[in-house]
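Beneath this line is the structure, given in structure tokens, with notes to follow.
2 protein chains.
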Amino acid sequence: MKAEIISIGSEILRGQITDTNANFIAQKLIELGIDLENISVISDNPESLLSTLKLALQRSDLIITTGGLGPTEDDITYQFIARALSLKLIKYPGAEENLKRILKKINTTLSPSNLKQTYLPEGAKIIINQYGTAPAMILEKDNKIICSFPGVPHEMKRLIEENLIPYLKEKFPPSMIKKSKTLKITGLGESSVNELIRDYMNKQTNFSFGIYANPEDIQVQITTQAPTEKEVEKMLQSSVNQLTKILGNYIYGSDEETIEEVVGNLLKSKKLKVSVAESCTGGMLGEMITRIPGSSKYFQGGVISYNARVKEDLLKVPPEAIRKYGEVSRQVAKLMAEEVRKCCHSDIGISITGIAGPGGATQKKKVGLVYMALADGKKTITQKHQLFGDRQLIRLRAARRALNMFRNYLSGI
Amino acid sequence: MKAEIISIGSEILRGQITDTNANFIAQKLIELGIDLENISVISDNPESLLSTLKLALQRSDLIITTGGLGPTEDDITYQFIARALSLKLIKYPGAEENLKRILKKINTTLSPSNLKQTYLPEGAKIIINQYGTAPAMILEKDNKIICSFPGVPHEMKRLIEENLIPYLKEKFPPSMIKKSKTLKITGLGESSVNELIRDYMNKQTNFSFGIYANPEDIQVQITTQAPTEKEVEKMLQSSVNQLTKILGNYIYGSDEETIEEVVGNLLKSKKLKVSVAESCTGGMLGEMITRIPGSSKYFQGGVISYNARVKEDLLKVPPEAIRKYGEVSRQVAKLMAEEVRKCCHSDIGISITGIAGPGGATQKKKVGLVYMALADGKKTITQKHQLFGDRQLIRLRAARRALNMFRNYLSGI
Numbered sequence: 016m017k018a019e020i021i022s023i024g025s026e027i028l029r030g031q032i033t034d035t036n037a038n039f040i041a042q043k044l045i046e047l048g049i050d051l052e053n054i055s056v057i058s059d060n061p062e063s064l065l066s067t068l069k070l071a072l073q074r075s076d077l078i079i080t081t082g083g084l085g086p087t088e089d090d091i092t093y094q095f096i097a098r099a100l101s102l103k104l105i106k107y108p109g110a111e112e113n114l115k116r117i118l119k120k121i122n123t124t125l126s127p128s129n130l131k132q133t134y135l136p137e138g139a140k141i142i143i144n145q146y147g148t149a150p151a152m153i154l155e156k157d158n159k160i161i162c163s164f165p166g167v168p169h170e171m172k173r174l175i176e177e178n179l180i181p182y183l184k185e186k187f188p189p190s191m192i193k194k195s196k197t198l199k200i201t202g203l204g205e206s207s208v209n210e211l212i213r214d215y216m217n218k219q220t221n222f223s224f225g226i227y228a229n230p231e232d233i234q235v236q237i238t239t240q241a242p243t244e245k246e247v248e249k250m251l252q253s254s255v256n257q258l259t260k261i262l263g264n265y266i267y268g269s270d271e272e273t274i275e276e277v278v279g280n281l282l283k284s285k286k287l288k289v290s291v292a293e294s295c296t297g298g299m300l301g302e303m304i305t306r307i308p309g310s311s312k313y314f315q316g317g318v319i320s321y322n323a324r325v326k327e328d329l330l331k332v333p334p335e336a337i338r339k340y341g342e343v344s345r346q347v348a349k350l351m352a353e354e355v356r357k358c359c360h361s362d363i364g365i366s367i368t369g370i371a372g373p374g375g376a377t378q379k380k381k382v383g384l385v386y387m388a389l390a391d392g393k394k395t396i397t398q399k400h401q402l403f404g405d406r407q408l409i410r411l412r413a414a415r416r417a418l419n420m421f422r423n424y425l426s427g428i
Numbered sequence: 016m017k018a019e020i021i022s023i024g025s026e027i028l029r030g031q032i033t034d035t036n037a038n039f040i041a042q043k044l045i046e047l048g049i050d051l052e053n054i055s056v057i058s059d060n061p062e063s064l065l066s067t068l069k070l071a072l073q074r075s076d077l078i079i080t081t082g083g084l085g086p087t088e089d090d091i092t093y094q095f096i097a098r099a100l101s102l103k104l105i106k107y108p109g110a111e112e113n114l115k116r117i118l119k120k121i122n123t124t125l126s127p128s129n130l131k132q133t134y135l136p137e138g139a140k141i142i143i144n145q146y147g148t149a150p151a152m153i154l155e156k157d158n159k160i161i162c163s164f165p166g167v168p169h170e171m172k173r174l175i176e177e178n179l180i181p182y183l184k185e186k187f188p189p190s191m192i193k194k195s196k197t198l199k200i201t202g203l204g205e206s207s208v209n210e211l212i213r214d215y216m217n218k219q220t221n222f223s224f225g226i227y228a229n230p231e232d233i234q235v236q237i238t239t240q241a242p243t244e245k246e247v248e249k250m251l252q253s254s255v256n257q258l259t260k261i262l263g264n265y266i267y268g269s270d271e272e273t274i275e276e277v278v279g280n281l282l283k284s285k286k287l288k289v290s291v292a293e294s295c296t297g298g299m300l301g302e303m304i305t306r307i308p309g310s311s312k313y314f315q316g317g318v319i320s321y322n323a324r325v326k327e328d329l330l331k332v333p334p335e336a337i338r339k340y341g342e343v344s345r346q347v348a349k350l351m352a353e354e355v356r357k358c359c360h361s362d363i364g365i366s367i368t369g370i371a372g373p374g375g376a377t378q379k380k381k382v383g384l385v386y387m388a389l390a391d392g393k394k395t396i397t398q399k400h401q402l403f404g405d406r407q408l409i410r411l412r413a414a415r416r417a418l419n420m421f422r423n424y425l426s427g428i
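From first to last, the protein sequence lines are chains A and B.
Residues 16 to 428 in the numbering used here are what the first sequence lists, from first letter to last.
Residues 16 to 428 in the numbering used here are what the second sequence lists, from first letter to last.
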């Protein structure tokens, strides 16, 4: 089966927004084993719409449109789908009821232009939209399936998950289940990951692999298929085991897991509390740790010691230490971690001090130089990093390195 | 002139990445007054590539391809552009030199598959790629322009900015200069903005307007054109003035300006220093303020008082106040702001305490309830907000509301 997406939206062509809808739909189709062959982005002008629909009807079996279902004159998707298929537009009574209900909810009265949204091509299976005014549809004709969804991302996503996916699953029960698993790696570069696992990857015939480099980590995606869910899970697990043998503790998590979540789970299981002392990251490490619901169980708080006086007063770093070693130094990082641990009543204190740039560098200390420390009351670990990127990227990398230092510490105790 | 983009990349169709390249190119074309009519995303299979190229040659005058220029067997863009135009592929000696230079830089030796990257369609103006191995090109044939760029975003962006944009500017000097200006609004919802400025917008014939709602603000984009840069700037300014009369201080900035930048500039001009006391935001407010280079001039630091004991010990909030009013209360917010101002040696202290959820709500205090305060040593302003969204969105909105409270304070003194 050949599938294609038609995204209707002048804002995409004018560069005002990125078409993220297509990406969402592509992911959903892959999970069902349906291959997407084309994505077309067009504006809502009649000529483009008609020629693109006609081409799609020639070359594809499943056509999914997004956008152009609103109440204004520009919104002509249903009108032109009807024309391309030589169908009439007919009024769907259910649509008007829903429209009135939705408009009432947002304190708006029904305008004549809204009524346009109750007309769909004849034969369509209407999908009532509880999240907005535009109904969606699934239409089968001459062995083709044409379905239309609103362009508003959260409406489109819900309507597709609740309606299109179940419909496609029933209509085309996949003979093979295809699944992916992503391993998330930190502390190694893309080329090092590639070199380490190349031999393994080349020997595999039942898996396909992708290596993706992000600013904050490297991800290895493993994809495979099998007739049953159980078998495909077993196969994925066997590959994960092999890759874990090679990459070891560089793997910090998988799929949707974040490093702050992994660290949070380790803290919970070990019943430990942490606090942070941040200079160049300005609160980013605390912000990341507290993204996780329930982080109040293990995160006490901390001090943002951006200015030297805050280091001295709240973190009791002696002015002499700052004079002698500088605010960005291993010694100051160590003192910051040790004191924040104490003053925030936590088991572990973590600190970051560095030069995020663009200013602040000296001859000996370059932009991107970051010291970090971890104090647990018995010992204090320190690390020095020379990071690259712009100001925000250096800060992000510093916070993530600190989380990784913490993860390695926690998995070792 | 009709322009179109062909994005070649199976990763996009498999949903692994979003096509952000097309968005970048669309923005560049709009600035040149060139209308983009189509974006097609296809995989690098011969059939798709050939039919999409042929269709593009029929309907468009300017065709920009991205992707499929790598050294592997999958990378067949040049081969099929040559075929679609009935041209030969010929070896470009300049390409090989560059290739060797780039490979040397990354410590890799030239492999036979790399040599493929030195062959381009005859007649092409080759664009040597200093950022990677794949050369780009601009090819004119039969009144059509076909140009190809690598799919790697940072290579594509630089090569397009440095080569395609100057080429198009020279070839098609725009008769009208088209420009946009974006006003950024906070403290009002999308529908309120729409209602306030609708009458004004409807009366304008020389401007087009777009209203966009983001999680953190509302943006009004004004677009107009005129024969000269000066005239278009003047027109935009007149519209900005009119909209500013209507929306007043709800406008916090324009175009690329961020609210933390606006606040930072106000602080610098008034020579004031600030510190923060954060509970539910966990450091996000400090992180936002310190995104701005040079923020050490006005940001002292702060306390992340996630746990009650940190509020008591570092921010000297009396345990009785917490018992009586609760950690999330106007009284505690006030005490936090007042003490952080003092202990961080700053002119102004700002605090946030709230329930980000999903846990932590009580019968009286719902998820999304946030108190914030601003203390300047003479008085303390407090605000109460009931925010909506998931945990991270509530935190983001709380931090931005605090910045907006701060902006309003600073512009009033």
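Glycine included, each C-beta is placed from N, C-alpha and C at the ideal position.
Of all the options B:A371, B:Q315 and B:P150, which has the alpha carbon lying nearest to the alpha carbon of B:E342?
B:A371
Does any residue of chain B bring its CB to less than 9 Å from the CB of A:A348?
No Cβ of chain B is located within less than 9 Å of the beta carbon of A:A348.
Determine, using beta carbons only, whether A:I160 comes closer than 9 Å to chain B.
no
Apart from the five residues on each side of it in sequence, which residues of its chain come closer than 7 Å, Cβ to Cβ, to A:Y340?
Q346 and V347
Express the C-alpha separation of A:M299 and B:Y265 in angstroms, rounding to a whole number.
28 Å
At a CB-CB cut-off below 7 Å, which residues of chain B make contact with A:G317?
I319
In three-state DSSP terms, what is A:Y215?
helix
Which residue's Cα is closest to the Cα of B:V318: B:R338, B:E353, B:E335 and B:R306?
Answer by Cα proximity: B:E353.
Option nearest A:D157 by Cα separation, candidates A:D76, A:P86, A:S290 and A:I226:
Relative to A:D157, the option among A:D76, A:P86, A:S290 and A:I226 whose CA is nearest is A:D76.
Flag A:N280 as yes if its beta-carbon sits less than 9 Å from any beta-carbon of chain B, otherwise no.
Closer than 9 Å: no.
Taking a Cβ distance cut-off of 8 Å, strictly less, list which residues of the segment 354-366 of chain B are near chain A, in chain order.
Cβ contacts with chain A come from C358, C359 and H360.
Would you verify that the beta carbon of B:G427 is, or is not, closer than 9 Å to some beta carbon of chain A?
no
Nearest residue (CA-CA) to A:E52, options A:N129, A:K140 and A:A41
A:A41
Which same chain residues end up closer than 6 Å to B:G166 when comparing Cβ atoms and leaving out the 5 residues on each side of it in sequence?
Counting only Cβ-Cβ distances below 6 Å, and skipping sequence neighbours, we find G24, T81 and G82.
Partners in chain B for A:D232, counting only beta-carbon separations shorter than 8 Å
In chain order: nothing, as chain B lies at least about 15 Å away.
Identified DSSP bridge partners for A:I428
According to DSSP, A:I428 bridges with nothing at all.
Which same chain residues, not among the five before or five after A:V355, have their C-beta less than 7 Å away from its C-beta?
S290, V291, A292, G317, V318, L330, G364 and S366
Sort B:I307, B:R74, B:Q252 and B:P188 by Cα distance to B:N221 and report the nearest one.
Of the listed residues, the one whose Cα sits closest to B:N221 is B:Q252.
Tell me the residue span of the beta strand (DSSP E) that contains B:N53.
D50 to I57
Give me the residue from B:R213, B:K159, B:R74 and B:I141 with the minimum Cα distance to B:M152.
B:I141
If we cut at 9 Å on Cβ distances, does B:K43 have a partner in chain A?
yes
Which term fits B:I6, buried or exposed, when burial requires 16 or more other beta carbons within 10 angstroms of its beta carbon?
Past the edges of chain B, shown from 16 to 428, lies residue 6 of chain B, and the structure says nothing about it.
Roughly how many angstroms separate the alpha carbons of B:L64 and B:S58, rounded to a whole number?
7 Å
Are the beta-carbon atoms of B:L154 and B:I96 separated by less than 9 Å?
yes
A:S207 to B:M16, Cα distance in whole Å?
46 Å
The segment 26-34 of chain B / the segment 224-239 of chain A touching (three or more Cβ pairs under 8 Å)
yes
Which residues share a DSSP beta bridge with B:Q240?
According to DSSP, B:Q240 shares a beta bridge with B:K193.
I need the boundaries of the alpha helix (DSSP H) containing B:C358, first residue and last residue.
R345 to C358
B:S128 lies in the beta strand (DSSP E); which residues open and close that run?
It is not in any beta strand (DSSP E) - B:S128 instead sits in the alpha helix (DSSP H) that spans P127 to L130.
With B:T259 and B:V247 assumed to form a contact (beta carbons below 8 Å), what rounded beta-carbon distance in angstroms separates them?
Not really, about 18 Å apart at Cβ, beyond 8 Å.
How long is the line joining the alpha carbons of B:V278 and A:G297, rounded to whole angstroms?
16 Å
What residue does the alpha helix (DSSP H) around A:P334 start on, and which one ends it?
P334 to Y340
Spell out whether any CB of chain E is found under 9 Å from the CB atom of B:P308.
The structure shown has no chain E; the protein chains it does contain are A and B.
Examine the Cβ distances between the segment 112-121 of chain B and the segment 143-152 of chain B and report whether three or more of them are shorter than 8 Å.
yes
Going by other Cβ atoms of all chains shown within 10 Å of its Cβ, with 16 needed for buried, is A:S426 buried or exposed?
exposed
Based on the DSSP secondary-structure assignment, which residues constitute the bridge partners of B:K159?
B:K156
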